[in-house]
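*Asks:* Quick one: the structure is below, and I'll ask about it shortly.
Encoded structure:
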């Protein structure tokens, strides 16, 4: 059952990796095109901006990807009743995951309201984007659910440690 809950996370990780690879390949392909040398500049602005886009996309993939791996770890440990320590980096990764995925809950709410009103609000023209859009609210709910379970287990362990410490 744990795999079913983790499936949207794995699909999002695969989509992010695929998108990043496509972005890098597109950047290299556009870098091979030679700019007209009317001004004598050896580097065109497009080449520099394509590199910045790859760097920004790579940074986002690292941060969100790390947060998704932390979520997978929580998905593995919380059902077992373990509260693994979450450091600053793990907390920031989960916060980044929540900041991107909670927005999709809001957007899906409005899309479903428009669909109920008879407006076409969801497009299946690009199945990859639709699959990613469907996975994002599921990731948000999984993250909130596992964080609530982690908090409950951590408080229980803290209380047990206090009782054990007071008994000695």
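Numbering (the working numbering), first residue to last: 1 to 168. Where a beta carbon is used, it is the ideal one built from N, C-alpha and C, also for glycine.
If I measure Cβ to Cβ from residue 94 and keep anything under 6 Å in the same chain, skipping five residues before and after, which residues do I get?
*Replies:* Mapped onto the chain shown, residue 94 falls at position 94. Cβ within range, chain order: 67, 70.
*Asks:* Helix, strand or coil: which one does DSSP assign to residue 93?
*Replies:* Locating residue 93 in the chain shown gives position 93, where the first residue counts as 1. Residue state, collapsed to three classes: helix.
*Asks:* Could you tell me if residue 143 is buried or exposed, where buried requires 16 or more neighbouring beta carbons within 10 angstroms of its beta carbon?
*Replies:* On the chain shown, residue 143 is found 143 positions in, with the first residue counted as 1. So residue 143 counts as buried.
*Asks:* Is the CB-CB distance between residue 104 and residue 131 below 8 Å?
*Replies:* Here residue 104 corresponds to residue number 104 of the chain shown, with the count starting at 1. Here residue 131 corresponds to residue number 131 of the chain shown, with the count starting at 1. In this structure, residue 131 does not lie closer than 8 Å to residue 104 by Cβ.
*Asks:* Taking the straight line between their C-alpha atoms, what separation do you get for residue 109 and residue 64?
*Replies:* Against the chain shown, residue 109 aligns to sequence position 109. Against the chain shown, residue 64 aligns to sequence position 64. If I take the Cα positions, the gap works out to 23 Å.
*Asks:* Can you name, in chain order, every residue of its own chain whose Cβ lies under 6 Å from the Cβ of residue 17, other than the five neighbours on each side?
*Replies:* Position 17 of the chain shown, counted from the first residue, corresponds to residue 17. Closer than 6 Å at Cβ, skipping near neighbours: no residue.
*Asks:* My output table needs one value for residue 101: the three-state DSSP class, helix, strand or coil.
*Replies:* Sequence index remark: in the chain shown, residue 101 carries index 101 (1-based). In this structure, residue 101 counts as helix in the three-state DSSP scheme.
*Asks:* Suppose contacts are defined by Cβ-Cβ distances below 8 Å. Is residue 97 in contact with residue 111 by that definition?
*Replies:* For the purposes of this step, residue 97 is taken as the residue at position 97 of the chain shown. For the purposes of this step, residue 111 is taken as the residue at position 111 of the chain shown. Cβ distance not < 8 Å, so residue 97 and residue 111 don't count as in contact.
*Asks:* Going straight from the alpha carbon of residue 145 to that of residue 106, what length do you get?
*Replies:* Here the question's residue 145 lines up with position 145 in the chain shown. Here the question's residue 106 lines up with position 106 in the chain shown. Approximately 17 Å between the Cα atoms of the pair.
*Asks:* Quick check: what's the CA-CA separation for residue 102 versus residue 133?
*Replies:* Counting from one through the chain shown, the residue named residue 102 turns up at place 102. Counting from one through the chain shown, the residue named residue 133 turns up at place 133. When rounded, the distance between both Cα atoms is 11 Å.
*Asks:* Applying the criterion that 16 or more other CB atoms from any shown protein chain within 10 Å of the CB defines a buried residue, is residue 75 buried or exposed?
*Replies:* On the chain shown, position 75 is the one that residue 75 refers to. Residue 75 is buried by the Cβ-count criterion.
*Asks:* Does DSSP put residue 125 in a helix, in a strand, or in coil?
*Replies:* Within the chain shown, the letter at position 125 stands for residue 125. It is coil, neither helix nor strand.
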